[in-house]
Each structure stands twice: as structure tokens, then as C-alpha cells.
Amino acid sequence: MIKFDNLTKIYEPDSVVLDNVNLHIGQGEFVSLVGQSGAGKTTLMKILTKEELPTKGNAYVDGDDLNDIKGGAVQLLRRKIGNVYQDFKILDGKTAFENVAFALEVSGATQEEIEEDVPRVLAIVGLANKIDSFSHQMSGGEKQRLAIARALIHRPKILLADEPTGNLDMVNGYEVLKLLEKINEFGTTVVLATHDSKLVNTIGKRVITMEKGRVVKDQEHGRYVI
Amino acid sequence: MSVNLKRIISSGWTNFKRNSFLSFGTTGVMTLTLLLLLGLLFFQFMTSQVVAELESKVDISAYFKQDAPEDIITSVREELETLPEIDFVEYTSRDEALAEFKERHADNELIQESLAQLEENPLQASLNIKAVDSTQYASIAGFLDDHKFRASIEKINFFENELVITRINKISNGIKTWGLIGTIMLVAIAIMVTFNTIRLTIYSQKQEIEIMRLVGASNWHIRGPYLVEGAFYGIFAAIFALAVAYPSILVSSDKINVFAPSINLLAYFTANLWQVLVALFVAGILLGMISSTIAMNRHLKI
Numbered sequence: 001m002i003k004f005d006n007l008t009k010i011y012e013p014d015s016v017v018l019d020n021v022n023l024h025i026g027q028g029e030f031v032s033l034v035g036q037s038g039a040g041k042t043t044l045m046k047i048l049t050k051e052e053l054p055t056k057g058n059a060y061v062d063g064d065d066l067n068d069i070k071g072g073a074v075q076l077l078r079r080k081i082g083n084v085y086q087d088f089k090i091l092d093g094k095t096a097f098e099n100v101a102f103a104l105e106v107s108g109a110t111q112e113e114i115e116e117d118v119p120r121v122l123a124i125v126g127l128a129n130k131i132d133s134f135s136h137q138m139s140g141g142e143k144q145r146l147a148i149a150r151a152l153i154h155r156p157k158i159l160l161a162d163e164p165t166g167n168l169d170m171v172n173g174y175e176v177l178k179l180l181e182k183i184n185e186f187g188t189t190v191v192l193a194t195h196d197s198k199l200v201n202t203i204g205k206r207v208i209t210m211e212k213g214r215v216v217k218d219q220e221h222g223r224y225v226i
Numbered sequence: 001m002s003v004n005l006k007r008i009i010s011s012g013w014t015n016f017k018r019n020s021f022l023s024f025g026t027t028g029v030m031t032l033t034l035l036l037l038l039g040l041l042f043f044q045f046m047t048s049q050v051v052a053e054l055e056s057k058v059d060i061s062a063y064f065k066q067d068a069p070e071d072i073i074t075s076v077r078e079e080l081e082t083l084p085e086i087d088f089v090e091y092t093s094r095d096e097a098l099a100e101f102k103e104r105h106a107d108n109e110l111i112q113e114s115l116a117q118l119e120e121n122p123l124q125a126s127l128n129i130k131a132v133d134s135t136q137y138a139s140i141a142g143f144l145d146d147h148k149f150r151a152s153i154e155k156i157n158f159f160e161n162e163l164v165i166t167r168i169n170k171i172s173n174g175i176k177t178w179g180l181i182g183t184i185m186l187v188a189i190a191i192m193v194t195f196n197t198i199r200l201t202i203y204s205q206k207q208e209i210e211i212m213r214l215v216g217a218s219n220w221h222i223r224g225p226y227l228v229e230g231a232f233y234g235i236f237a238a239i240f241a242l243a244v245a246y247p248s249i250l251v252s253s254d255k256i257n258v259f260a261p262s263i264n265l266l267a268y269f270t271a272n273l274w275q276v277l278v279a280l281f282v283a284g285i286l287l288g289m290i291s292s293t294i295a296m297n298r299h300l301k302i
């Protein structure tokens with residue numbers, strides 16, 4: 001599903017963020033990408049959505065070489081990949097429904113599709129009762145679940161979660177994690193970037209550890225040891 | 001497609017409304033630009049009318065000496081008629097000139113008596129020459145001046161209007177040039193002001209744009225609303241420009257008509273209403289959209 005081949009990213013003049021990364025993540029896997037801030041986790045994810053371009057090497061999503069994806073195809077790629085961030089990126093002036101609907105609108109969905117799909121996805125993340133709430137009427141956990149709902153609306157094959165629990169307390173953090181595990185059970189490949197070792201250790205799935213732009217450890221049922 | 005277009009237009013309209021204070025300034029500058037453009041168009045029409053009327057009065061006449069034989073005059077006439085710059089040549093013989101003169105002064109007994117007393121016709125045969133283009137009179141005069149039968153020609157009369165025409169042409173060209181420079185400057189200012197407004201919209205919607213990008217919004221969904229916003233500035237500017245121009249034309253048309261009877265500004269405006277409307281709206285919309293495109297190219301990364 002995801003493959004990195006000798007991937008290197010250097011910010012001019014000489015800041016090496018990713019150093020010869022080789023990875024393969026299969027379909028339906030749940031992978032925790034761990035490491036300290038600056039290890040290269042976010043950059044690796046941004047390369048998958050073409051927000052960043054590699055300096056050297058190749059990245060593949062669903063068999064397609066990202067170096068060959070250009071123009072309008074970038075938008076199609078991004079619809080295959082759901083994104084969740086630490087700062088939620090929820091639009092304050094819109095309700096929960098509108099925030100999710102927005103993602104469908106801008107990709108050209110019809111009004112009927114929007115009215116059918118949005119409540120269903122909000123129900124999946126447990127926000128059926130918050131459908132008309134604005135972000136200031138929601139807790140941090142709810143906001144993050146809303147962000148996950150938005151990421152799921154295109155039924156993506158891959159979900160990239162970059163520090164999704166970073167702004168949440170433990171209880172809410174675990175709830176979000178459970179939701180990610182549930183999504184993974186439906187068949188979506190989940191990549192979770194985090195430096196929260198407790199969280200990672202409760203998952204008990206594949207853990208890839210990065211340090212200074214390199215993959216230093218890749219364990220099938222790993223733990224995050226600092 | 002229609003759903004998408006509706007969404008893009010409605011979000012462009014929302015941007016336009018939300019920026020109301022900025023929109024007002026932007027539309028104002030654009031209105032000024034369009035008014036100047038319109039003024040230039042009408043000025044062009046007015047001067048072309050005045051010049052055309054004066055030009056129609058310009059001609060050149062060659063008066064032949066009284067003893068000039070008819071065949072020389074005919075040969076000069078035939079030669080002139082072969083020149084491409086000449087529209088027509090009219091020959092007035094001495095007898096015709098006398099008959100015309102008599103007819104013109106039929107009421108004046110003194111002139112009639114004086115003529116009766118003369119033994120010989122005092123008038124000269126003439127060739128009245130009309131050129132295709134008023135700028136060619138000088139070269140026609142030169143042609144006659146260098147002619148081998150120049151000795152038979154008494155005088156070449158270059159009509160006085162020539163001087164007036166040259167002067168009007170000069171003045172109108174001057175005004176056109178300065179008007180054009182003024183318009184170009186205002187166009188540049190309008191583009192910069194609109195550019196800045198749209199740049200601010202882009203900044204204020206940074207988060208929306210970021211989310212649009214990450215959920216895979218199509219290019220048109222991200223850029224379209226700003227283009228629409230630019231177009232709205234142009235549309236409103238065109239409406240305001242018309243709202244200012246029409247009453248002004250209504251008031252000034254009669255006054256201009258008193259000075260220059262051949263110019264009817266209102267009639268020209270009404271006759272060309274559609275062209276004027278299309279020109280105004282197209283110019284306004286283009287101005288707005290060009291400004292948005294510049295703003296997006298510089299500040300909107302997709």
C-alpha cells in the first residue's frame with residue numbers, strides 16, 4: 001500500500017530531514033511511527049500527500065510512483081488518503097455537519113450524497129448528537145473525532161494521523177486511539193505518528209522508530225522505548 | 001458541474017460580501033478606471049466626428065490662367081485622375097464659372113452691370129480636386145506645383161481648413177495619448193488594489209484553503225471563488241460606471257450639441273448601448289480576474 005525507496009529529503013542548504021528511508025507498509029496494517037520531534041515523521045507523511053517533494057528516491061501509494069503524479073491527479077491521491085492532525089484543523093464558523101460536508105462539497109459531491117454520507121460518518125465517530133454543534137461547543141476529543149470523520153468521508157484507503165492525541169488528555173487520547181483501531185478493522189491502513197510511548201505500548205502492533213531522519217527500528221509487535 | 005459552479009460562485013459572492021469595506025474601495029478604483037475608459041471612447045467619437053466634418057470641407061483648387069488652352073487643362077485633369085490618392089476631379093470651365101457667378105449674384109444689379117460692361121470673361125477655369133484622405137493634399141499640391149504645365153496654372157488654392165484640421169488632429173492625438181497613459185496608470189492601480197484585496201481574502205482564509213488542499217479539493221474549488229470575487233468587483237464597477245456615465249451624457253449631450261451640431265452624444269450612446277455595455281462589463285470582469293490570478297499565483301500554493 002505504501003512504499004518508500006531510498007527516500008531522502010534535504011532542506012537547502014544541508015538540513016537532512018529524511019535520510020535514505022526504505023519502508024513497506026501493507027494494506028490493512030496499523031503502524032505506529034515513533035520518534036522524537038524532528039525525527040522526520042511528519043515530513044514522511046507530507047511526502048505521501050505531496051505536500052512535500054522528496055529530494056531523492058521514490059514513494060509509492062497503492063502502486064503509483066508519487067513522482068509521476070502531477071496536476072489534477074494530486075487531488076485524487078489526496079482523496080485516497082485521510083489526514084488527521086494534532087491541531088484538528090476544524091473550521092470554527094461551521095457546524096460539525098458543515099465541516100464534514102465541506103470536504104465533500106469541494107470534491108464535487110452532490111447534495112444527496114452529502115446528506116446521506118455525513119450523518120453516517122458522524123455516527124461512526126460517535127458524534128451523531130453533535131451534528132449541529134459548532135467547534136466551540138465541543139471538547140478536544142470531540143473535535144478530533146470530527147476531524148477523523150472528515151478524514152473518513154472519502155472512504156480513504158489510508159489514514160495518516162499526525163500526533164492526533166497531542167492536544168488531548170489521556171481519556172480522550174485513548175478514545176481517539178480506539179476509533180483509529182476500529183477504522184483499521186474496517187480495512188483502512190492506519191499510520192499513526194506519535195511520541196506518546198504509553199499510547200503506542202497499548203496497541204501492540206507494528207512500531208517503526210525514527211531518529212534523525214533514519215529508520216532505526218522496525219518491529220512487528222513493538223514497543224516504544226525512549 | 002452546475003452544482004460545483006453554483007458552489008464556487010456562491011463562495012466567491014460570500015468573499016465579496018465579507019470584504020465589504022475593502023470591496024467598496026476596490027470597486028471605486030475600478031469604477032474610475034472604467035469611467036476614464038468610457039470617456040476616452042466618447043472623446044474618440046467626438047473628435048472623429050469633428051475631424052470628419054472638417055475634412056469633408058477640405059479640397060484643393062487649381063486656377064488656370066485665362067489664356068490656358070483647354071487641352072492642357074484636360075491633360076492635367078486626366079493625369080490627376082490616374083493618381084491613386086485622388087477621389088475625384090471636377091472641371092469648371094471659364095464659361096461655367098461665369099454662369100455660376102452670375103447666378104450666385106443674380107440679385108446684385110451692380111455686379112450684373114459690371115459684368116455686362118466687360119468685354120471678356122474675367123473668371124478662370126479651375127480644377128477642383130478631392131483627395132481620398134486629407135493628409136494627401138500636401139502631396140497633391142506638390143504634384144501640381146512641379147507639373148510641366150505649371151506655367152499655365154495661375155494659383156493653387158489650399159483650403160484654409162487644412163490648418164484647422166492639422167491642429168485638431170494634433171490636439172486630439174495629444175489628448176488621446178495622455179488619456180491612454182492615464183487609463184493605463186489607473187488600470188495598473190486598479191489591478192494593484194484588487195490584487196491586494198484578494199490577497200487579504202486569501203490570508204484570512206488560510207485555514208480553509210489548507211483544509212481544502214488536504215481533503216483533495218479540485219483546483220477550481222480552491223481558486224474559483226477568488227476569480228469569482230474579482231469578477232464581482234468588475235461587475236459592480238461596470239454598474240457604477242454606467243450609473244455615473246448615463247446621467248452625465250444625458251445632461252451634457254444637449255450642451256455639446258449647441259457647440260458642435262454634428263455631434264449627438266446621447267444618440268451615439270443609445271445606438272451603441274450594447275457594445276458599450278459589453279465593453280464595460282468585459283473590461284471590468286477582465287480587470288478583476290487578472291488581478292485575482294496575479295494574487296493567487298503569488299499567494300496561493302496548491
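Respectively, the protein sequence lines represent chains A and B. For the first sequence, the UniProt record's numbering assigns the number 1 to the initial residue and increments by one for each residue that follows. For the second sequence, the UniProt record's numbering assigns the number 1 to the initial residue and increments by one for each residue that follows. Ideal placement from N, C-alpha and C gives every residue a C-beta, glycine not left out.
Subject >> Short Cβ contact (8 Å threshold) for residue 229 of chain A with A/K80 >> reply: Within the shown structure, residues of chain A are numbered from 1 to 226, placing residue 229 of chain A beyond reach of any answer.
Original post:
What does a CB cutoff of less than 6 Å around A/L192 pick up in its chain, not counting 5 residues either side in sequence?
Top reply: Closer than 6 Å at Cβ, skipping near neighbours: S32 and A161.
**OP:** Could you spell out the range, first to last residue, of the alpha helix (DSSP H) harbouring A/M170?
**Re:** Bounds of the alpha helix (DSSP H) holding A/M170 are M170 to E185.
Original post:
Tell me the DSSP bridge mates of B/Y203?
Top reply: Under DSSP, B/Y203 shares a beta bridge with no residue.
Original post:
Are the Cβ atoms of A/E181 and A/F30 separated by less than 8 Å?
Top reply: Yes.
**OP:** Can you tell me which of the three DSSP states B/F158 falls into?
**Re:** Strand, per DSSP.
Subject >> Rounded straight-line distance, which links the Cα of B/N272 to that of B/F88 >> reply: So the two alpha carbons sit approximately 33 Å from each other.
**OP:** Tell me whether A/Q111 is buried or exposed, calling it buried when 16 or more other Cβ atoms sit within 10 Å of its Cβ.
**Re:** A/Q111 should be labelled exposed.
Subject >> Coil, strand or helix - A/R155 by DSSP >> reply: Taken through DSSP and simplified to helix, strand or coil, A/R155 comes out as coil.
Original post:
Does the segment 50 to 65 of chain A come close enough to the segment 3 to 17 of chain A that 3 or more CB-CB pairs lie under 8 Å?
Top reply: Cβ pair count under 8 Å is three or more, so yes.
Subject >> Contact between the segment 6 to 24 of chain B and the segment 221 to 228 of chain B (3+ Cβ pairs under 8 Å) >> reply: The segment 6 to 24 of chain B vs the segment 221 to 228 of chain B: in contact.
Original post:
Which same chain residues, not among the five before or five after B/W220, have their C-beta less than 8 Å away from its C-beta?
Top reply: Within the same chain, and ignoring the five residues on either side of B/W220 in sequence, the residues whose Cβ sits closer than 8 Å to its Cβ are N4 and I8.
Subject >> Assigned secondary structure, A/E211 (DSSP; H/G/I helix, E/B strand, else coil) >> reply: Strand.
Original post:
Closest to B/N297 by CA distance: which of B/L266, B/S61, B/D254 and B/N196 is it?
Top reply: Among B/L266, B/S61, B/D254 and B/N196, the Cα nearest to that of B/N297 is on B/N196.
Original post:
Buried or exposed: B/L286, going by 16 or more other Cβ atoms within 10 Å of its Cβ?
Top reply: That one is exposed.
**OP:** Verify the CB distance criterion: does B/S218 have a CB-CB separation below 8 Å to chain A?
**Re:** True, the Cβ-Cβ gap to chain A drops below 8 Å.
Subject >> Integer-rounded CB distance, given that A/V34 should sit under 8 Å from A/G213 >> reply: Between A/G213 and A/V34 a beta carbon distance of about 14 Å is seen, past the 8 Å cut, so the two are scored as non-contacting.
**OP:** May I have a chain-ordered list of the beta strand (DSSP E) segments no shorter than 3 residues that lie completely inside the segment 2 to 59 of chain A?
**Re:** Scanning the segment 2 to 59 of chain A from its first residue to its last, the whole beta strand (DSSP E) runs of 3-plus residues come out as 2 to 11, 15 to 25 and 30 to 34.
**OP:** Just the C-alpha distance for B/L200 and B/A295, rounded to the nearest angstrom, thanks.
**Re:** Looking at the two C-alpha atoms, the distance is approximately 9 Å.
Original post:
Out of curiosity, what's the CA-to-CA distance linking B/E78 and B/V51?
Top reply: Cα atoms of B/E78 and B/V51: separation of roughly 30 Å, rounded to the nearest angstrom.
Subject >> Candidates B/Q136, B/M46 and B/A116: closest to B/A267 by CA position >> reply: Closest by alpha carbon: B/M46.
Subject >> heavy atom of the ligand SAH below 7 Å from B/I168 C-beta >> reply: No copy of the ligand SAH occurs in the structure displayed, which carries no ligand at all.
**OP:** Examine chain A for any beta-carbon lying closer than 8 Å to the beta-carbon of B/H299, and answer yes or no.
**Re:** Chain A, which has no Cβ nearer than 8 Å to the Cβ of B/H299, makes this no.
Subject >> Chain-ordered residues of the segment 84 to 105 of chain A with a beta carbon less than 8 Å from chain B >> reply: For the segment 84 to 105 of chain A, which is checked against every Cβ of chain B, the residues closer than 8 Å are K89, L91, F102, A103 and E105.
Subject >> Proximal residues to A/I90 (C-beta, below 7 Å), its chain only, five neighbours per side dropped >> reply: The residues are N99, S135, K143, L146 and A147.
Original post:
In chain order, what residues of the same chain lie with their CB nearer than 7 Å to the CB of A/I69, ignoring the 5 residues before and after it?
Top reply: Same-chain partners within the cutoff: K50 and L77.
Original post:
Between the segment 64 to 79 of chain B and the segment 204 to 221 of chain B, are three or more C-beta pairs nearer than 8 Å?
Top reply: No: fewer than three Cβ pairs fall under 8 Å.
**OP:** Find the nearest neighbour of B/G284 within the set B/L37, B/W13, B/S126 and B/L22, judged by alpha-carbon distance.
**Re:** Nearest C-alpha to B/G284: B/L37.
Subject >> A/Q75: contacting residues in chain B (beta-carbon distance under 8 Å) >> reply: G216, A217, S218 and N219, listed in chain order.
**OP:** Return no unless some Cβ of chain A is closer than 8 Å to the Cβ of B/M212.
**Re:** Chain A contact via Cβ: present.
**OP:** Under 6 Å Cβ to Cβ from B/E85, same chain only, skipping five residues before and after it: list those, please.
**Re:** Within the same chain, A131, V132 and Q136 come within 6 Å of B/E85 by CB-CB distance, once the 5 residues on both sides are set aside.
**OP:** Please name the residue, chosen from B/A260, B/V282 and B/M212, that lies closest to A/G82 on a Cα-to-Cα basis.
**Re:** The residue with the shortest Cα to Cα distance from A/G82 is B/M212.
Subject >> Residue-level contact to chain B via CB, A/S135, 8 Å cutoff >> reply: It does not; no Cβ of chain B falls within 8 Å.
**OP:** Verify whether the separation of the beta carbon atoms of A/K41 and A/M210 is less than 8 Å.
**Re:** In this structure, A/K41 lies near A/M210, with their beta-carbon atoms less than 8 Å apart.
**OP:** Have a look at the DSSP bridge pairing and note the partners of B/F64.
**Re:** In DSSP, B/F64 forms a bridge with B/I153.
Original post:
Across which residues does DSSP place B/E90 in a beta bridge pair?
Top reply: BP columns for B/E90 point to B/N128.
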